[in-house]
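Okay, so here's the structure we're looking at.
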Amino acid sequence: MTSPARAHKLRVLAELSARAAPHGQEVRGSAYELMLRQLAEHKRLLRGIQSVERKIEAKRELLPVYDEYLTGALAGGQGGHDMVLVTLMVWHMDTGSWLRALELARYVIDNGLAMPADYSRTPAVILIDTASTAALDGKLFGDEAVRVLATVAQLTEGHDAPDQARAKLLKAIGYALIGRTPAHTPDYATVDETKARAAMAHFTRANELFAQAGVKKDMERLERRIKAATGTD
Numbered sequence: 056m057t058s059p060a061r062a063h064k065l066r067v068l069a070e071l072s073a074r075a076a077p078h079g080q081e082v083r084g085s086a087y088e089l090m091l092r093q094l095a096e097h098k099r100l101l102r103g104i105q106s107v108e109r110k111i112e113a114k115r116e117l118l119p120v121y122d123e124y125l126t127g128a129l130a131g132g133q134g135g136h137d138m139v140l141v142t143l144m145v146w147h148m149d150t151g152s153w154l155r156a157l158e159l160a161r162y163v164i165d166n167g168l169a170m171p172a173d174y175s176r177t178p179a180v181i182l183i184d185t186a187s188t189a190a191l192d193g194k195l196f197g198d199e200a201v202r203v204l205a206t207v208a209q210l211t212e213g214h215d216a217p218d219q220a221r222a223k224l225l226k227a228i229g230y231a232l233i234g235r236t237p238a239h240t241p242d243y244a245t246v247d248e249t250k251a252r253a254a255m256a257h258f259t260r261a262n263e264l265f266a267q268a269g270v271k272k273d274m275e276r277l278e279r280r281i282k283a284a285t286g287t288d
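Residues 56 to 288 (my numbering) make up the sequence shown, in order.
This is how it looks when you write it as structure tokens:
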């Protein structure tokens, strides 16, 4: 376990390194180099694990090692290219640590940071797809799902993404609004009218973007709910 003094030193050095790196140029410095070496070692460890579930658990155990570095990097960040930060953004998504993941994603997306070469998708697409999958799989639900997905939509608005991925996000938002999860299908007749209308708008747009989004039945049920609320046939 890292001592408070060493943790403080790492945080300060990370902040200084980030502050010294102009926008678009790679971060340098002892803290960054240390974390790069640590990350390479941890990636080798993960490559030796075949189970996705075990890999996620391993990431969850490894992430605290980087916490002070990330805090310092965000505090001093000028938009310098930081391979450690962008990689750990994805690890936090993978482990369901959404508060930290969104904090990192905001910095990455706002500053136009690129992913390492071993990632084929942009940060915005990774964020859209990972958050949507977590919600639709029931790993992100309730009020947290509504908050996280709304933030994802806001952060990625205007950024290029496949229509199918954007439709998936809209579907996930709609499901979160009406409380639908793999383990629970709500009684559409009792869904709050305001939430029903909001979900309907998201489903409609999802269906426009990708006809196979799988929301047509939900749209039919919500349409009946809205008509019942307004007294129309």
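Beta carbons are placed, not taken as given, at the ideal position from N, Cα and C, and that holds for glycine.
Boundaries of the alpha helix (DSSP H) in which residue i is found, first to last residue
i    : result
F258 : 248 to 264
V141 : 138 to 149
R92  : 85 to 102
M170 : No alpha helix (DSSP H) contains M170, which DSSP labels as neither H nor E.
V107 : 107 to 117
G127 : 122 to 131
E278 : 271 to 285
D165 : 153 to 165
Y230 : 218 to 233
V201 : 197 to 211
E81  : First-last for E81: undefined, no H or E at that position.
A238 : That residue, A238, is in no alpha helix (DSSP H); it is neither H nor E in DSSP.
A189 : 178 to 191
Neighbourhood of residue i by C-beta distance below 8 Å, restricted to the same chain and skipping five residues each side
i    : result
L101 : K110, A113, K114
E278 : M255
H136 : A76, G79, Q80, E81, V82, L168, A169
A220 : V180, I183, D184, S187
Option nearest residue i by Cα separation, candidates the options
i    : options                : result
V82  : R276, V141, A208, P178 : V141
T240 : Y230, T249, D247       : Y230
K282 : A244, L159, V120, E199 : A244
K250 : N262, R235, E96, L264  : R235
T211 : L182, I233, L191       : L182
D242 : Q267, D215, L118, R276 : R276
I164 : T206, R252, A189       : T206
L68  : L225, Q209, F196, Y124 : Y124
L264 : P217, A253, V246, D247 : P217
K194 : R99, W153, H63         : W153
V246 : M274, R92, D192        : M274
R280 : R252, V270, A200       : R252
P237 : L91, F196, T285        : F196
A208 : L232, K272, L225       : L225
P178 : A200, L117, L157       : L157
Y162 : D173, G134, V120       : G134
V270 : A222, E248, G286, T285 : A222
Residue environment, residue i, which counts as buried when at least 16 other CB atoms sit within 10 Å
i    : result
V145 : buried
A95  : exposed
A169 : exposed
E108 : exposed
A189 : buried
R61  : exposed
H97  : buried
S66  : The question names Ser, yet the displayed sequence has Arg at residue 66. The residue in question, R66, is buried, as its Cβ has 16 or more Cβ neighbours within 10 Å.
A261 : buried
Cβ neighbours of residue i in the same chain (closer than 6 Å, five flanking residues each side left out)
i    : result
M138 : P171
I228 : L204, H257
R155 : H147
L232 : K250, A253, A254
Cβ shell of residue i (< 7 Å), same chain only, five flanking positions each side left out
i    : result
T259 : M274
Exercise. How do the region 125 to 135 and the region 69 to 77 stand: do at least 3 beta-carbon pairs fall below 8 Å, yes or no?
Worked result: Taking 8 Å as the limit for Cβ pairs, the verdict is that the region 69 to 77 does touch the region 125 to 135.
For this session: Determine contact between the region 82 to 98 and the region 148 to 155, defined as no fewer than three beta-carbon pairs at a distance below 8 Å.
Result: At 8 Å Cβ cutoff, the stretches do not touch.
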